[in-house]
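**Student:** Before I ask anything, here is the structure I am working with.
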Amino acid sequence: MRIRIVDAFTDRPFAGNPAGVLLLDSGAFPDDAWLQNVAKEVNLSETAFAHPLPGGGEADWALRWFTPVAEVDMCGHATLATAHVLHSTGAASGTVRFSARCGVLTATAHDDAAVTLDFPTAPLTPVPVPDGIAKALGAEVLSAHDTGEHVGDLLVELTDEATVRSLTPDFAALVAHSGRGVIATAAAADPSAGYDFVSRGFFPRLGIDEDPVTGSAHTALAPFWSARQGRDELTGLQASARSGLVRTALRGRRTLLTGRAVTVIDGELLTAP
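Following this note's numbering, the numbering of the sequence shown begins with 316 at its first residue and continues without gaps.
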């Protein structure tokens, strides 16, 4: 069985966010324990599993995502990675429709090798800044928002870009906070730098201290910064050590996420389901 590792939201190897991708020949997923064991063995923030669906339905492929410790409802970078594999191998062209736990998602390939994902916009709800979150992050928190059930993160606004970049969180303390993870964000210090806001994503409850580039979080970051900056099309820089750019376009209840991807490993999984 072929297994690939793809760096997503980047146009160069060893940057962006790596994801495992397995395209399954069967018309059904293997049992959950096998999927979870493969994701644990790959040991990346997410591994995507996809199998083709019969023609005539609302989707072309079924798609699931697993971290090393759990299945997740939504994952942007592993969806981009899967679409990249489908397009680059000729298994699909144009727009691919995925059936996932969070609904039907689409991925459209462009002539410049970029891919645009169409995801549901995360509903933002202002919430009081949770006790202990500022201490866990080691920074002043200006505001906090819940991002809904499918994203499931706490979105916190910090004072400036430099603060976001310099965070050294107490991950043990972050585990105590409910939700999938914590997204810290601030406006770009230099509007001419090629991005409009920065972020970092911390997910210790999922076995991921810091995610390099979190596509799904940008379905919350896009409406958050659109409301503040008065524009529907923005670019976010996730300022992890690997870093990556996500171009966002707010379309009402949908958010378009555009980026590139690079396959860095193409190998064989020797243990079948």
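Cβ coordinates follow ideal geometry from the N, Cα and C atoms, glycine included.
None of these values were measured; they are calculated from a predicted model.
Taking Ala300 as the reference, which of Ala587, Ile523, Ala564 has the closest Cα?
**Tutor:** Outside the displayed span of the chain (316 to 588) sits residue 300, for which this structure offers no information.
**Student:** Below 9 Å between beta carbons: does that hold for Thr462 and Pro438?
**Tutor:** Closer than 9 Å, so yes.
**Student:** Decide if Asn332 is buried, meaning its Cβ has at least 16 other Cβ atoms within 10 Å, or exposed.
**Tutor:** By the 10 Å Cβ count, Asn332 comes out buried.
**Student:** Would you call the region 363 to 372 in contact with the region 537 to 548, where contact means no fewer than 3 C-beta pairs closer than 8 Å?
**Tutor:** Touching, no, given that fewer than three Cβ pairs across the two stretches are closer than 8 Å.
**Student:** Considering only residues of the same chain and omitting the five flanking positions on each side of Asp326, which have a CB-CB separation below 6 Å?
**Tutor:** So the list reads Arg575, once near-sequence residues are dropped.
**Student:** Going by the CB atoms, is the gap between Leu549 and Arg568 shorter than 9 Å?
**Tutor:** No, the Cβ-Cβ distance between Arg568 and Leu549 is not below 9 Å.
**Student:** Candidates Leu338, Arg520, Ser555: which alpha carbon is nearest Ala407's?
**Tutor:** Out of Leu338, Arg520, Ser555, Leu338 has the C-alpha closest to the C-alpha of Ala407.
**Student:** Near Thr382, which residues of its chain fall below 7 Å by C-beta distance, leaving aside the five closest residues on each side in sequence?
**Tutor:** Within the same chain, Thr382 has close Cβ partners Ala354, Ser360, Glu361, Leu521, Gly522, Ile523.
**Student:** Please check if any C-beta of chain D sits within less than 9 Å of the C-beta of Val411.
**Tutor:** Of the protein chains in this structure there is only one, and it is not chain D.
**Student:** Name the two residues that bound the continuous alpha helix (DSSP H) containing Leu359.
**Tutor:** That residue, Leu359, is in no alpha helix (DSSP H); it is neither H nor E in DSSP.
**Student:** Since Pro441 is in the beta strand (DSSP E), which residue starts that stretch and which ends it?
**Tutor:** 440 to 442 is the span of the beta strand (DSSP E), which, as asked, contains Pro441.
**Student:** Span of the beta strand (DSSP E) holding Arg557?
**Tutor:** Premise fails: Arg557 is in no beta strand (DSSP E) and is neither H nor E.
**Student:** What is the C-beta distance between Thr261 and Thr410, in whole angstroms, given that I count them as a contact (C-beta under 8 Å)?
**Tutor:** In the structure as shown, the chain starts at 316 and stops at 588, and residue 261 therefore has no counterpart that could be examined.
**Student:** In whole angstroms, give me the CA-to-CA distance for Ala564 and Asp526.
**Tutor:** So the alpha carbons of these two residues sit roughly 22 Å apart.
**Student:** Whose C-alpha, out of Pro506, Ala334, Ala348, is nearest the C-alpha of Pro588?
**Tutor:** Ranking Pro506, Ala334, Ala348 by Cα distance to Pro588 puts Ala348 first.
**Student:** State the start and end residues of the unbroken alpha helix (DSSP H) segment that holds His402.
**Tutor:** Its alpha helix (DSSP H) spans residues 391 to 403.
**Student:** Can you check DSSP and say which residues form a bridge with Arg319?
**Tutor:** Arg319 is bridged to Val336, Asp581.
**Student:** So, are the CB atoms of Leu571 and Leu432 less than 9 Å apart?
**Tutor:** It is a contact, given that the beta carbons lie within the stated cut-off.
**Student:** Buried or exposed, going by whether 16 or more other CB atoms sit within 10 Å of the CB of Pro441?
**Tutor:** It is exposed - the Cβ of Pro441 has fewer than 16 other Cβ atoms within 10 Å.
**Student:** Do you know whose CA, among Ala330, Phe518, Val357, lies nearest Asp581's CA?
**Tutor:** Of the listed residues, the one whose Cα sits closest to Asp581 is Val357.
**Student:** Please work out which residues of its chain come closer than 6 Å, Cβ to Cβ, to Asp485, disregarding the five sequence neighbours upstream and downstream, and give them in chain order.
**Tutor:** If we look at Asp485 and ignore the five residues flanking it on each side, its Cβ neighbours are Ala451.
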